[in-house]
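Below is one structure; the comments refer to it alone.
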Amino acid sequence: MPGSKLGLSPKDPTLAELLKPLGYATGQFGKNHLGDLDEFLPTNHGFDEFFGNLYYLNAEEEPENGYYPKDPEFKKRYGPRGVIHSTVDGKIEDTGPLNKKRMETVDEEFLAATINFIDKSVQQKKPFFIWFNSTRMHIFTHLKPGAAGVSGQGIYADGMIEHDGHVGQLLGRLDDLGIADNTIVIYTTDSGAEKFSWPDGGTAPFRGEKATTWEGGIRVPLMVRWPDRIRGGQVSNEIIAHEDWLPTLMAAAGDWEIKQELLEGHTAGNTTYKVYIDGYNFIPYLTGEKKKGPRNEFFAWVDDGTLGAVRIGDFKYNLTTQIHEGISAWLLPQQPRKAPMIVNLRADPFESAPFVSAYYDDWIVRRMYLMAPMVDTIKKHMATYEEFPPRQQGGSFMK
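Here the sequence shown is numbered in full-length UniProt numbering, starting from 1 and rising by one per residue.
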């Protein structure tokens, strides 16, 4: 929310803060949703440059709503900041509001800034780390003239075609500069499809959607390219999570022990960090040195701070379930269970058996032994919070 005191803690290192001592130029372009106060801006957390917006798009266009209060004090207190351009030397410029008209082409602004940052880094012979986080495809979609109707499948598909072109321009620039072979490119998203806003929203075969711990909320696409080290054309069913990228990319940059270093206390710049990193280093797996990835478990947390599900190997244990669909899945809490709903995701990736199979109850009764490793795995994970408790609670309407 605009003006919230919740945001990225200075006690938690970003990948940018860890890479800078290794000589990397660091830039973030596009959406940053980690707090809108100056203290939370990326340039106060390891990035040399930031040019982007600070909220979900529907919040940015709210001042254009006909019912939006005309009192300037309301907008001053509750309204969104504009698109921010900041640099590590402390300069902060509000480049103007992200209104509906600007939303049509703001990703082109972010793309141009990204390419400019790449060009400067190459000219200065500096390795670079860039987070390009476009506004496509977040609601509400506003297309520039000529972009609507291109796909024949509606506004969301039209926006995706535009986004695809932006990604192509970025990859093309790496080719033009002759650095593509030794540049790691990761393409992914931060949540499952938002189905309730369709047709200005995504779709997926998995149960549930964004904001739930069903597979439809937490399973996302991931593509990785590093021609010098990773053989192209591979498809993997290994479990990998976004938190794995910190130790993985640090290993690629030369620091293979960052997880242990941060556990004991690691100094980067002028700050010493002592934190528990849940991620794993996937470099040996990605480069083919090992046949299996290092991760066998995944903990899916609900946005209220409760543990919603645990995956161990092929099996997923749903500890709470979202029984509502559509926008109600956002408005109403997940429901706790006396015993977990267990699904074999390799056999039933869409989590449908508990709802449609006449034999599911028999199947689960014959596999009660699966509860024991689940309990051990959860206990082991929860024990890490004794020395490293959660940094802060999530946002609340009540406090």
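Quick reminder that beta carbons are idealized off the backbone N, C-alpha and C, glycines included.
Which partner residues does L222 have in the DSSP bridge list?
Sequence index remark: in the sequence shown, residue 222 carries index 222 (1-based). Answer is T188.
Look at R295 and A241 and say whether their C-beta atoms are less than 9 Å apart.
Here residue 295 refers to the residue found at position 295 when the sequence shown is read from its first residue. Here residue 241 refers to the residue found at position 241 when the sequence shown is read from its first residue. Their beta carbons are under 9 Å apart, which means R295 touches A241 by this criterion.
Contacts around A147, its chain only, beta-carbon distance under 7 Å, and the 5 residues preceding and following it disregarded:
Residue mapping note: residue 147 aligns to position 147 of the sequence shown, counting from 1. Closer than 7 Å at Cβ, skipping near neighbours: D158 and E162.
Based on DSSP bridge pairs, tell me the residues matched to N344.
Residue mapping note: residue 344 aligns to position 344 of the sequence shown, counting from 1. Answer is F315.
Reference P284; option with closest CA among R231, S352, G216 and L111:
Working through the sequence shown from its first residue, we reach residue 284 at position 284. The residue among R231, S352, G216 and L111 with its C-alpha nearest the C-alpha of P284 is R231.
In the DSSP assignment, the beta strand (DSSP E) including H266 goes from what residue to what residue?
Residue mapping note: residue 266 aligns to position 266 of the sequence shown, counting from 1. First-last of the beta strand (DSSP E) with H266: H266 to A268.
Could you tell me which residues DSSP pairs with Q28 in its beta bridges?
As a position in the sequence shown, residue 28 is number 28, starting the count at 1. F50 and W131, per the DSSP bridge assignment.
With C-beta atoms as the reference, is F50 less than 9 Å away from S4?
Sequence index remark: in the sequence shown, residue 50 carries index 50 (1-based). Sequence index remark: in the sequence shown, residue 4 carries index 4 (1-based). Result no, Cβ atoms of F50 and S4 do not sit closer than 9 Å.
Name the DSSP bridge partner or partners of D94?
As a first step, residue 94 is located in the sequence shown; it is residue number 94 there, counting from the start. D94 is bridged to I84.
Using CA coordinates, which residue listed in D89, D107, V88 and P80 is at the minimum distance from G96?
On the sequence shown, position 96 is the one that residue 96 refers to. Looking at the Cα atoms, P80 is the closest of the given residues.
Would you mind listing the alpha helix (DSSP H) stretches within the stretch 141-180 that are 4+ residues and don't spill past its ends, in chain order?
155-176
Helix, strand or coil at R337 according to DSSP, with G and I counted as helix
Taking the sequence shown and counting its residues from 1, the one referred to as residue 337 is at position 337. In the structure shown, R337 sits in a strand (DSSP, three-state: E or B).
Looking at C-alpha atoms only, which residue of H138, D164, L171 and I186 is the closest neighbour of A193?
For this step, residue 193 is matched to residue 193 along the sequence shown. Nearest C-alpha to A193: H138.
How far does the beta strand (DSSP E) with T105 in it reach, from first residue to last?
Counted from its first residue, the sequence shown places residue 105 at position 105. Taken as a continuous stretch (DSSP letters only), T105 belongs to no beta strand (DSSP E), as it is neither H nor E.
Between T105 and K144, which are expected to be in contact by the criterion C-beta below 8 Å, what is the C-beta distance as a whole number of angstroms?
Translated into the one-based positions of the sequence shown, residue 105 becomes position 105. Translated into the one-based positions of the sequence shown, residue 144 becomes position 144. About 5 Å separates the two Cβ atoms, so the contact holds.
What first and last residue would you give for the alpha helix (DSSP H) that runs through W256?
Here residue 256 refers to the residue found at position 256 when the sequence shown is read from its first residue. From DSSP, W256 is part of no alpha helix (DSSP H); its letter is neither H nor E.
Give the secondary structure of Y280 by DSSP, where H, G and I count as helix, E and B as strand, and everything else as coil.
In the sequence shown, the residue the question calls residue 280 occupies position 280. Reduced to three states, the DSSP call for Y280 is coil.
Unbroken alpha helix (DSSP H) run spanning E17, endpoints
Your numbering for residue 17 matches position 17 in the sequence shown. Here the alpha helix (DSSP H) through E17 covers L15 to L19.
Take S236 as the anchor and find which of K20, L8, L286 and G326 has the nearest alpha-carbon.
For the purposes of this step, residue 236 is taken as residue 236 along the sequence shown, with counting starting at 1. Nearest of K20, L8, L286 and G326 to S236, Cα basis: L286.
Between the stretch 117-132 and the stretch 9-28, do at least 3 Cβ pairs fall closer than 8 Å?
yes
By how many angstroms is the C-alpha of P336 removed from the C-alpha of K259?
Here the question's residue 259 lines up with position 259 in the sequence shown. Here the question's residue 336 lines up with position 336 in the sequence shown. Between K259 and P336, the C-alpha separation is close to 33 Å.
Short of 8 Å in beta carbon distance, which residues of its chain neighbour S134, apart from the five on each side in sequence? Order them along the chain.
The count along the sequence shown starts at 1 and reaches residue 134 at position 134. If we look at S134 and ignore the five residues flanking it on each side, its Cβ neighbours are G30, K31, D107, F110, L111, H163 and H166.
Put E297 into one of helix, strand or coil per three-state DSSP.
Counting from 1 along the sequence shown, the entry for residue 297 is found at position 297. Strand.
If you draw a straight line from the alpha carbon of H142 to that of L98, how long is it in whole angstroms?
Translated into the one-based positions of the sequence shown, residue 142 becomes position 142. Translated into the one-based positions of the sequence shown, residue 98 becomes position 98. When rounded, the distance between both Cα atoms is 11 Å.
Please classify A329 as buried or exposed, where buried requires at least 16 neighbouring CB atoms within 10 angstroms.
In the sequence shown, counting from the first residue as 1, residue 329 sits at position 329. Buried, because 16 or more other Cβ atoms sit within 10 Å of the Cβ of A329.
Straight-line gap, H33 to G279 (C-alpha atoms, nearest Å):
Position 33 of the sequence shown, counted from the first residue, corresponds to residue 33. Position 279 of the sequence shown, counted from the first residue, corresponds to residue 279. When rounded, the distance between both Cα atoms is 21 Å.
Which first and last residues belong to the beta strand (DSSP E) in which Y273 is found?
Within the sequence shown, residue 273 is the residue found at index 273, counting from 1. Unbroken beta strand (DSSP E) run through Y273: T271 to Y273.
Could one say the Cβ of N344 lies closer than 9 Å to chain B's Cβ atoms, at least one of them?
Structure shown: chain B not included; a single protein chain is present.
Reference K11; option with closest CA among M223, N44 and P21
Here residue 11 refers to the residue found at position 11 when the sequence shown is read from its first residue. K11 has its Cα closest to that of N44, out of M223, N44 and P21.
How many Å lie between F355 and A204 at the Cα?
For this step, residue 355 is matched to residue 355 along the sequence shown. For this step, residue 204 is matched to residue 204 along the sequence shown. Approximately 18 Å, taken between the alpha carbons.
Buried versus exposed call for Y187 [16 or more other C-beta atoms within 10 Å across all chains shown]:
Reading the sequence shown from its first residue, position 187 is the one you call residue 187. Counting Cβ neighbours within 10 Å, Y187 comes out exposed, since fewer than 16 surround it.
Can you find at least 3 beta carbon pairs, one from the stretch 114-121 and one from the stretch 171-185, that sit closer than 8 Å?
With the cut-off at 8 Å, the stretch 114-121 and the stretch 171-185 touch.
Could you tell me the alpha carbon to alpha carbon distance between T377 and V83, rounded to whole angstroms?
Against the sequence shown, residue 377 aligns to sequence position 377. Against the sequence shown, residue 83 aligns to sequence position 83. When rounded, the distance between both Cα atoms is 43 Å.
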